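J.:
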Amino acid sequence: MAEFYRGAENTGDVDTFGVIATLCTSARVPDPVVYVITKELFDNFDHFRRQHPAYAGLTREGMLEGLTAPLHPGAMQYFKETGLIAIEREFR
Numbered sequence: 113m114a115e116f117y118r119g120a121e122n123t124g125d126v127d128t129f130g131v132i133a134t135l136c137t138s139a140r141v142p143d144p145v146v147y148v149i150t151k152e153l154f155d156n157f158d159h160f161r162r163q164h165p166a167y168a169g170l171t172r173e174g175m176l177e178g179l180t181a182p183l184h185p186g187a188m189q190y191f192k193e194t195g196l197i198a199i200e201r202e203f204r
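Just so you know, our numbering puts 122 at position 10 of the sequence shown, and the rest follows in order with no gaps.
Take a look at the structure:
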């Protein structure tokens with residue numbers, strides 16, 4: 113990913129580690145609010161991916177791998193409705 117660091121002396125890729133970004137909210141946020149935020153992100157996923165070159169490899173399914181926080185019920189509702197999470201495969 114050397115192309116992300118214009119002007120760097122090292123022009124080759126360097127092995128490193130990555131972390132997963134997590135969008136967090138309070139459990140007090142109403143379910144419909146989190147549902148709409150989640151729906152907007154995924155309904156506009158291609159636009160979201162174009163916001164930064166590092167997002168180019170993201171997939172809808174991959175966004176649910178390696179979660180670092182429990183899913184809010186509003187997000188869970190969206191993921192179940194769209195089939196991204198099977199009802200029997202809930203994250204806790």
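C-beta atoms are modelled at their ideal positions from N, C-alpha and C, and glycine is treated no differently.
Computed from a prediction, not measured in an experiment: that's the story for all the values here.
Can you name the start and end residues of the alpha helix (DSSP H) that phenylalanine 116 belongs to?
T.: Within the sequence shown, residue 116 is the residue found at index 4, counting from 1. Neither: phenylalanine 116 is in no alpha helix (DSSP H) and is coded neither H nor E.
J.: Is it true that the region 119-126 meets the region 155-170, where meeting means three or more beta-carbon pairs spaced less than 8 Å apart?
T.: Output reads no: the region 155-170 does not touch the region 119-126.
J.: Within its chain, find whatever has a CB closer than 7 Å to the CB of alanine 198; leave out the 5 residues flanking it on each side and keep chain order.
T.: Locating residue 198 in the sequence shown gives position 86, counting from the first residue. Within the same chain, alanine 198 has no close Cβ partners at all.
J.: Would tyrosine 190 be called buried (16 or more neighbouring beta carbons within 10 Å of its own) or exposed?
T.: Counted from its first residue, the sequence shown places residue 190 at position 78. Its Cβ being crowded by 16 or more others within 10 Å, tyrosine 190 is buried.
J.: Pick out whichever of Thr194, Lys151, Gly178, Gly169 has its Cα sitting closest to the Cα of valine 131.
T.: The residue given as residue 131 occupies position 19 in the sequence shown. The candidate whose alpha carbon is nearest that of valine 131 is Gly178.
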